[in-house]
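Residue numbers (the working numbering): 14 to 306.
Below is one structure, written out as structure tokens; comments come after it.
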Amino acid sequence: MRTADIFKDKTVFSLEIFPPKPDSDESVIYSTLEQLSDICPDFISVTYGAGGGKNGCRTIQIASDIITKYGMNSVAHLPCINLTKAQASNILDCIKANGIENVLALRGDIPQGSEAAGDFRHANELVTFIRENYDFNIIAACYPETHPESTNAADDIDHLKNKVDCGVDHLITQLFLDNSDFYAFRENARLAGINVPIEAGIMPVTNKRQIERMVKLCKVKLPTKFVRILERYGDNPTALRDAGIAYAVDQITDLVAEDIDGIHLYTMNDPYIAHKIYGAVQSLILTVPTIGM
Ligand code: FAD
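What follows is the structure in structure tokens.
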């Protein structure tokens with residue numbers, strides 16, 4: 014099913030997983046999926062390493078298995094930074110042949126000190142390429158705190174508007190920890206004429222290493238409330254995990270009350286955390302009617 018159609022009927026609740034590393038035990042991801050299937054998410058998206066290689070084949074295989082083995086809807090991520098158009102076509106043909114209807118079209122991160130090696134400079138060029146040659150439902154990324162490479166929020170929104178106009182059906186945000194950043198971003202996006210559904214990407218931050226990685230990679234801001242949690246529970250992994258879950262539940266509760274289009278949970282392949290969060294917000298997601306669609 015095309016993800017953009019799901020928003021017409023409900024507040025969407027979706028999950029994100031990543032494929033196992035090459036040479037690691039593949040069966041673990043299937044046990045994870047088995048457990049996540051109890052949540053009955055509206056879709057599960059599967060990340061794709063910008064380096065490509067074996068990891069990309071696994072993305073497509075897992076996204077296909079989500080449909081055929083577990084009866085759920087799936088999205089295949091596709092970063093284009095290192096791809097020629099011919100390579101992108103091969104991958105998109107494979108995604109199509111596997112019955113996957115939804116592609117998350119991304120640029121990918123450019124490794125420091127190098128340049129884009131393929132035919133696409135930005136995600137909007139991949140979106141145009143897909144729109145011109147295929148019939149996929151196209152999803153793209155957006156950034157409530159602006160993309161780290163952008164010099165200012167207005168430029169980032171202009172580029173996003175351009176990307177959406179190239180043929181995007183639905184957006185998913187980068188993780189954020191302060192909902193007010195999301196609300197300001199959503200308002201600016203709407204004012205710029207971006208009218209596709211915007212799902213909020215929520216990452217339950219449940220261990221110290223993850224927080225350090227997130228700040229370094231995504232340049233995400235840590236609100237005072239969150240820093241206090243770190244100070245108090247940082248040396249107690251179980252308490253930090255539970256506090257991270259509670260923080261994500263608070264964020265989702267507030268977002269649903271503010272009529273969010275959907276919640277995209279970055280599961281980090283951890284069914285325990287995904288179940289805890291879904292259990293706490295399930296009734297909100299199911300009962301809140303979507304306004305204005
Ligand atoms: P773009 O839309 O190209 O934007 C990147 C920067 O360029 C922004 O600053 C933007 O303002 C600017 N820009 C955009 N268009 C133009 C233009 N035409 N001219 C000049 N400047 C422009 N990475 C992976 O490798 N694999 C994944 O599976 C993956 N999944 C992700 C899922 C989500 C929901 C999100 C939010 C990110 C994901 N990423 C993934 C990370 C993503 O690849 C990086 O954040 C990357 O740096 C930017 O990708 P993008 O598609 O947003 O790029």
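Here a beta-carbon is modelled for each residue, glycine too, at the ideal position from N, C-alpha and C.
What you are looking at is a predicted structure, and each value in this text was computed from that prediction instead of being measured.
Sequence-distant residues of the same chain with beta carbon closer than 6 Å to residue i, five excluded per side
| i | result |
| --- | --- |
| Pro124 | none |
| Ala17 | Asn150, Asp182, His183 |
| Val301 | Confidence at Val301 is low in this model, with a pLDDT of 49, below 50, so its placement is unreliable and the value that follows should be read with caution. Excluding positions up to five away in sequence, the list reads Thr24, Val269. |
| Lys174 | Ala205, Ile207 |
| His135 | Arg120 |
The ligand FAD heavy atom lying under 8 Å from the CB of residue i
| i | result |
| --- | --- |
| Thr141 | no |
| Tyr147 | no |
| Asp272 | no |
| Glu158 | no |
| Asp55 | no |
| Cys107 | no |
| Lys176 | yes |
| Ala261 | no |
| Arg199 | no |
| Gly121 | yes |
| Asp194 | no |
| Asp182 | no |
| Tyr285 | no |
| Asn103 | no |
| Ser163 | yes |
| Ile185 | yes |
Neighbourhood of residue i by C-beta distance below 8 Å, restricted to the same chain and skipping five residues each side
| i | result |
| --- | --- |
| Arg15 | Glu114, Asn115, Asn150, Asp182 |
| Glu212 | Val25, Ser27, His183, Leu184, Ile185, Thr186, Ile273, Asp274, Gly275, Ile276, His277 |
| Asn95 | Ala63, Gly64, Gly65, Gly121, Ala129, Ala130, Gly131 |
| Asp169 | Tyr156, Thr159, His160, Ser163 |
Assigned exposure category for residue i - 16 Cβ within 10 Å defines buried
| i | result |
| --- | --- |
| Pro161 | exposed |
| Leu204 | exposed |
| Lys82 | exposed |
| Asp55 | buried |
| Arg222 | exposed |
| Met306 | Only weak support is given to the placement of Met306: the predicted model assigns it a pLDDT of 45, under 50, and the question is left unresolved by the model. |
| Ala202 | buried |
| Thr251 | exposed |
| Ala99 | exposed |
Proximal residues to residue i (C-beta, below 7 Å), its chain only, five neighbours per side dropped
| i | result |
| --- | --- |
| Val140 | Ala118, Ile151, Ala153, Lys176, Cys179, Gly180, Val181 |
| Gly214 | Ile185, Thr186, Gln187, Leu188, His277, Tyr279 |
Beta-carbon separation (whole angstroms), residue i vs residue j, contact threshold 8 Å
| i | j | result |
| --- | --- | --- |
| Thr45 | Pro284 | 6 Å |
| Thr219 | Gly247 | 12 Å between Cβ atoms; not a contact. |
| Ile104 | Gly69 | 6 Å |
| Phe198 | Pro236 | Incorrect: roughly 15 Å between the Cβ atoms, too far for contact. |
| Asp101 | Ser87 | Looking at the sequence shown, residue 101 is not Asp but Ala. In fact, because the Cβ distance is near 19 Å, the residues do not count as touching under 8 Å. |
Residue i: first and last residue of the uninterrupted alpha helix (DSSP H) it sits in
| i | result |
| --- | --- |
| Leu204 | 192-204 |
| Leu46 | 40-49 |
| Glu271 | No alpha helix (DSSP H) holds Glu271; DSSP gives it neither H nor E. |
| Ser102 | 98-110 |
| Phe133 | Looking at the DSSP string, Phe133 is not in any alpha helix (DSSP H), and its letter there is neither H nor E. |
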